[in-house]
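Residues in the sequence shown are numbered consecutively from 2, following our numbering.
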Amino acid sequence: MNTKANIQIAPGSIIGPGSIIGPGSIIGPGSIIGIVGGGQLGRMTAVAAAELGYRVHVFTPEVDGPTEQVCAKAFVAAYDDEDAIKAFGESVDVITFEFENVPADTVKKLKAYAPVHPGWNCLAICQDRAKEKMFAADLGIETAPWTLVTSADALRDAMKTIGTPAILKTTTLGYDGKGQVRILSDTNPATAWAELGGDIGILEGFIDFDREISVITARRPSGAMATFDVVENRHKNGILDVTIAPANISTTLSEQARAIGQKLAEAMDMVGLLAVELFVTRDGRLVMNEMAPRPHNSGHWTQDGCTTSQYEQFVRAITGLPLGSTQRHADVVMKNLIGDEAKPWAKILANPDDKLHLYGKAEARAGRKMGHINRLHPKGSKPKGWVNFGDY
Ligand code: AMP
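Written out as structure tokens, the structure is:
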């Protein structure tokens, strides 16, 4: 049964299939949110949506994925399955993504059924490292030096212009350090090019950073924005390991990072969440690494550390509800549980300092995100033993 319902129509705005939500219009509680992508970000969004009285339908190729387990209805099919696009689109009141690498054609077709937030322009920019960097540069935001590379010979030339060390990255579909090859002065370009695979990439100069930080901004259709505290991220094997909230950086840097997040969200007319990853250089500059138009792993801490979590804020932004307070009531260390790290869940649960979140994934493959811990401590105090996960 199609239960599209409870839409409050503000004067002047029209809500219905194919329409755009105008400023002031709301897709109210009781409506159905469609999420494209079925992973843990969708799962935690669906739970937050439920807390505000929404139901979630998911469109994902994955059977029994983390989102499917907690949503009202799942459309399990390939992203180009026409029947599934139609059935999913007809069943929901607003559509969003927990995964940005969705084909353009799917997004265009979904627009015929319900408002899609964020829009295709945001996804298109964030799907492609080259577009992302050009977009940032146009706004005066610094990125690592980079150049497009389309062959082993071009890579050889790029190694001279960009210099080494550098990183060869795929332009699309890279995440968690996948689709990246380290390039040193003695790297054989042909071997590195073959290792990357595909016919296009970018060579990016290596930033000798002091630390990595990120900032998450929510933006409503009205243009109102709310930004969470800036956090520090530490990676292991190219995957986020720990997020420290707040980042131990100067107020000036933190303000600059927040301003960058808001500038980017505004410039792409984003409706939803925009996460921006930045390097802090040793001489105190901010260099943008990449962005994601959705909830972000480095925002998990907000579930237990803020008045409004990034997931609830995401739901509020795409439905046009007022944004919630991003106030942080504690300092938090978020530890990702990767592969076997979630196995000692019983021990973790027995520690009252640790708040465990699990994603319902059956198989703990190496490098797979299985859950996370939020460890809270009073604002301004030292975290307890967070570096040594060997406790478990
Ligand atoms: P990415 O998938 O681009 O976010 O890269 C994953 C991780 O690799 C980043 O979080 C950094 O730790 C590292 N990395 C990526 N690009 C660079 C760069 N240009 N310079 C230094 N480290 C980088």
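Glycine included, every Cβ here is placed at the ideal spot set by N, Cα and C.
Note down the Cα distance separating residue i from residue j, rounded to an integer number of angstroms.
i	j	result
E133	M289	10 Å
V231	T308	16 Å
E91	R376	41 Å
D284	T253	14 Å
R183	G29	48 Å
A343	G361	11 Å
P104	S32	26 Å
A153	A195	8 Å
S382	K110	50 Å
I217	S299	9 Å
L169	I208	13 Å
T192	W346	42 Å
N189	G199	17 Å
D129	T172	5 Å
E205	I163	7 Å
E267	A246	24 Å
R220	V272	5 Å
D82	F76	10 Å
G23	P166	With a pLDDT of 49 at G23, under the threshold of 50, the modelled position of that residue is not reliable, and the figure given next carries that caveat. Going from the Cα of G23 to the Cα of P166 covers about 48 Å.
S310	T320	16 Å
K380	T327	15 Å
H237	A78	Before going on, a small fix: residue 237 reads as Lys here, not His. Approximately 33 Å, taken between the alpha carbons.
I349	Y393	7 Å
K385	E233	17 Å
V117	E63	21 Å
Quick one: what's residue i bridged to in DSSP?
i	result
V394	Since the first residue shown for the chain is 2 and the last is 393, residue 394 is missing from the structure and cannot be characterised.
S215	V232 and E278
V334	I245 and R376
W302	W302 is not bridged to any residue.
T171	G202
Q328	Q328 is not bridged to any residue.
W147	E205
V272	Note: V272 sits in no beta bridge, so no partner.
Let me see if you follow: with CB-CB separation under 8 Å, is residue i close to chain B or not?
i	result
A248	Going by chain labels, chain B is absent from the structure shown, which holds only one protein chain.
Residue i: buried (16+ other C-beta within 10 angstroms of its C-beta) or exposed?
i	result
L279	buried
P119	buried
E256	exposed
D139	exposed
H330	exposed
S186	exposed
V57	buried
Q304	buried
R44	buried
S215	buried
H373	buried
G262	buried
Below 7 Å, is the gap between the Cβ of residue i and the nearest heavy atom of the ligand AMP?
i	result
A145	yes
H236	yes
F100	no
E205	yes
K402	Nothing can be reported for residue 402: it is not among the residues displayed for the chain, which extend from 2 to 393.
N290	yes
I142	no
E233	no
E196	no
I28	no
Q257	no
G239	yes
G285	no
G262	no
I208	yes
Q328	no
Q70	no
Q128	no
G175	yes
E91	no
E213	yes
Q181	yes
Original post:
Enumerated in chain order, which unbroken segments of the beta strand (DSSP E) with a length of 3 residues or greater are wholly contained in the stretch 36–92?
Top reply: 56–61 and 74–77
**OP:** Any chance you could list the alpha helix (DSSP H) runs of at least 4 consecutive residues sitting entirely within the stretch 86–145, in chain order?
**Re:** 105–111, 121–128 and 130–139
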